[in-house]
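Q:
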Amino acid sequence: MDLFYHILKNFDYDFSKLTQEQANEIWNWIGNQNWKEWTKYTYSRIFKNFVNWLNENYGLFIKTKDWKVQNPKNSMMPEYLITEEEFNKLINATDDIQDRLLIGILYESGCRIGEILSLQLKNVSFNNYGARLAVKGKTGQRVVPIVWYANLLRQFIESYPFKDNPEVPLFYYKNRDGKVLAMPYSVFRMRLKRLCEKTGIRKRIHPHLFRHTRLTELAKELPEQILKQIAGWVPDSKMAQTYLHLSLKDVEESLLTKVYGIKTIENERKEKFVVCPKCGELNAPNLTICWRCKTDLKESKLVEKALSEEEIKKVEEWADVLIEFFKRLEKANPELWKVLLQVLKEKNKEYLLTQV
0 MDLFYHILKN
10 FDYDFSKLTQ
20 EQANEIWNWI
30 GNQNWKEWTK
40 YTYSRIFKNF
50 VNWLNENYGL
60 FIKTKDWKVQ
70 NPKNSMMPEY
80 LITEEEFNKL
90 INATDDIQDR
100 LLIGILYESG
110 CRIGEILSLQ
120 LKNVSFNNYG
130 ARLAVKGKTG
140 QRVVPIVWYA
150 NLLRQFIESY
160 PFKDNPEVPL
170 FYYKNRDGKV
180 LAMPYSVFRM
190 RLKRLCEKTG
200 IRKRIHPHLF
210 RHTRLTELAK
220 ELPEQILKQI
230 AGWVPDSKMA
240 QTYLHLSLKD
250 VEESLLTKVY
260 GIKTIENERK
270 EKFVVCPKCG
280 ELNAPNLTIC
290 WRCKTDLKES
300 KLVEKALSEE
310 EIKKVEEWAD
320 VLIEFFKRLE
330 KANPELWKVL
340 LQVLKEKNKE
350 YLLTQV
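Heads up: the sequence shown at position 205 corresponds to 204 in numbering that gives the first Met the number 0, and the numbers run straight through without jumps.
(1) To the nearest angstrom, report how far apart Leu191 and Trp147 are at their CA atoms.
(2) According to DSSP, what are the bridge partners of Ile282?
(3) The beta strand (DSSP E) that contains Arg111, what's its start and end?
(4) Does Val123 come out as helix, strand or coil in the three-state DSSP assignment?
(5) Between which two residues does the beta strand (DSSP E) containing Pro333 stretch?
(6) Drop a sphere of 10 angstroms on the beta-carbon of Met189, count the other beta-carbons inside from all chains shown, and report buried for 16 or more, exposed for fewer.
(7) Are the beta-carbon atoms belonging to Leu169 and Leu120 less than 8 Å from one another?
(8) From Lys297 to Leu281, what distance separates their C-alpha atoms?
(9) Is the number of C-beta pairs between the segment 48–66 and the segment 96–109 that are closer than 8 Å three or more?
(10) Classify Gly177: buried if its beta carbon has 16 or more other beta carbons within 10 angstroms, exposed otherwise.
(11) How would you call Trp232, buried or exposed, if buried means at least 16 neighbouring beta carbons within 10 angstroms?
(12) Determine the contact status of Phe209 and Ile81, defining contact as a CB-CB distance below 8 Å.
(13) For Asp295, name the three-state secondary structure that DSSP assigns.
(14) How would you write the range of the alpha helix (DSSP H) that Tyr148 sits in, first residue to last?
(15) Examine the Cβ distances between the segment 128–145 and the segment 195–214 and report whether three or more of them are shorter than 8 Å.
(16) Would you mind working out which of Trp290, Ile25, His205 and Leu335 sits nearest Ala149, comparing C-alpha positions?
(17) If I'm right that Ile145 touches Leu286 with Cβ under 8 Å, what's the distance once you round it to whole angstroms?
(18) Which same chain residues end up closer than 6 Å to Val258 when comparing Cβ atoms and leaving out the 5 residues on each side of it in sequence?
(19) Tell me whether Arg201 sits in a helix, a strand or coil according to DSSP, three-state version.
(20) Using DSSP bridges, identify the partner residues of Ala92.
(21) Under DSSP, the alpha helix (DSSP H) around Val50 begins and ends at which residues?
In structure tokens, the structure reads:
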């Protein structure tokens, strides 16, 4: 809006007495700017609504019927979407579980940012597959499944300070008076902007871009009518065509994989979960820290911490020697053997005796 006011100031008109000629001049000027299509579309709509407001409140008679504002088609190109690398940087750049969860669910659900921020605790339920979000959008209420970030969501709710009240907002914000409110869009947008700056991402990443990115990915896998239900569009909506258009670049990959049997790099990168090597918990593929035990999931770290084949071989050799030693100890010194049994019992390691 600041930019729009700046545009109006450039014309130095008394807008309470704006003439048809002056209004047409501004309208044509906006249309002739070397802006992106969505920028022109946005400011054309704002200006048209502004002039209609002037007509109603200042008794003007400016005709706007012939001002056509067309929705740009397929102007969202694939390179504008959030890449896997960018998403990984963002979700792992914060230690705040609420911000991390919000980014994860905003992406996985494909929901509008307003639908997610308006969720209440009572809108969340869990099942054998993960979680279910009862979101309310433009077409009414629908249920959206969450799988990748269900465990993180459960952990968040378990530590939620207001979990006894089902009416409280799921994603909350405390104002200066300490009052708990649903997180405002402006607060999350500012936090997202800071994360982009922290991670060195220069691309303009806004909350709605997570939805664009996810729906583009789902358009590759799901029928159009299913995509419409997940996205919260009416059955005759043409919005799905935008995302199907963005997925056309995957036609080549589909041909190579399904027709010619060639495994592409993109196909190999499809990950469902990352299993924690320490506790065995399933983690979303984008997380680098296990949500349960905080173990580092980065491949490089796991390699550093894992025993090499040579070290494993040495341990196995020593194990054979020690097993033989304990067998002889039992016969040579029964009293010392009893001490060993007591130590194993205290450490709950009695099962080791089955190996002797």
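Glycine is no exception: its CB is placed at the ideal position from the N, C-alpha and C atoms.
A: This is what the structure gives:
(1) By 1-based counting over the sequence shown, the position of residue 191 is 192. By 1-based counting over the sequence shown, the position of residue 147 is 148. Spanning the two alpha carbons is a distance of roughly 21 Å.
(2) The residue labelled residue 282 in the question sits at position 283 within the sequence shown. Reading off the sequence shown, one finds Asn at residue 282, where the question assumed Ile. DSSP, once it has assigned bridges, lists Val273 as partnering Asn282.
(3) If you number the sequence shown from 1, residue 111 lands on position 112. Segment: none, Arg111 is in no beta strand (DSSP E) and carries neither H nor E.
(4) Working through the sequence shown from its first residue, we reach residue 123 at position 124. Strand, per DSSP.
(5) Start at 1 with the first residue of the sequence shown, and residue 333 comes out as number 334. Pro333 -> not in any beta strand (DSSP E); alpha helix (DSSP H) instead, spanning Pro333 to Glu345.
(6) The residue given as residue 189 occupies position 190 in the sequence shown. Label assigned to Met189: exposed.
(7) Walking along the sequence shown from the start, residue 169 turns up at place 170. Walking along the sequence shown from the start, residue 120 turns up at place 121. In contact: Leu169 and Leu120 (Cβ atoms closer than 8 Å).
(8) Taking the first residue of the sequence shown as position 1, residue 297 is located at position 298. Taking the first residue of the sequence shown as position 1, residue 281 is located at position 282. Spanning the two alpha carbons is a distance of roughly 14 Å.
(9) no
(10) For the purposes of this step, residue 177 is identified with residue 178 of the sequence shown, where counting begins at 1. So Gly177 counts as exposed.
(11) The count along the sequence shown starts at 1 and reaches residue 232 at position 233. With 16 or more other Cβ atoms within 10 Å, it is buried.
(12) In the sequence shown, counting from the first residue as 1, residue 209 sits at position 210. In the sequence shown, counting from the first residue as 1, residue 81 sits at position 82. Yes. Within cutoff.
(13) Position 296 of the sequence shown, counted from the start, is the residue given in the question as residue 295. Reduced to three states, the DSSP call for Asp295 is strand.
(14) On the sequence shown, residue 148 is found 149 positions in, with the first residue counted as 1. Per DSSP, Tyr148 belongs to no alpha helix (DSSP H) and is neither H nor E.
(15) no
(16) Residue mapping note: residue 149 aligns to position 150 of the sequence shown, counting from 1. Ranking the options by Cα distance to Ala149, first place goes to Trp290.
(17) Residue numbering aside, residue 145 sits at position 146 when the sequence shown is read from its first letter. Residue numbering aside, residue 286 sits at position 287 when the sequence shown is read from its first letter. Contact doesn't hold; Cβ gap of about 14 Å is too wide.
(18) Taking the first residue of the sequence shown as 1, we reach residue 258 at position 259. Low confidence applies to Val258: its pLDDT is 46, below 50, so where it sits in the model is not reliable, and the reading given next is rough at best. Nothing meets the Cβ criterion.
(19) What you label residue 201 is simply residue 202 of the sequence shown in a count that begins at 1. Three-state DSSP puts Arg201 in coil, outside helix and strand.
(20) As a position in the sequence shown, residue 92 is number 93, starting the count at 1. Answer is none; Ala92 lacks a bridge partner.
(21) Residue mapping note: residue 50 aligns to position 51 of the sequence shown, counting from 1. First-last of the alpha helix (DSSP H) with Val50: Glu36 to Tyr57.
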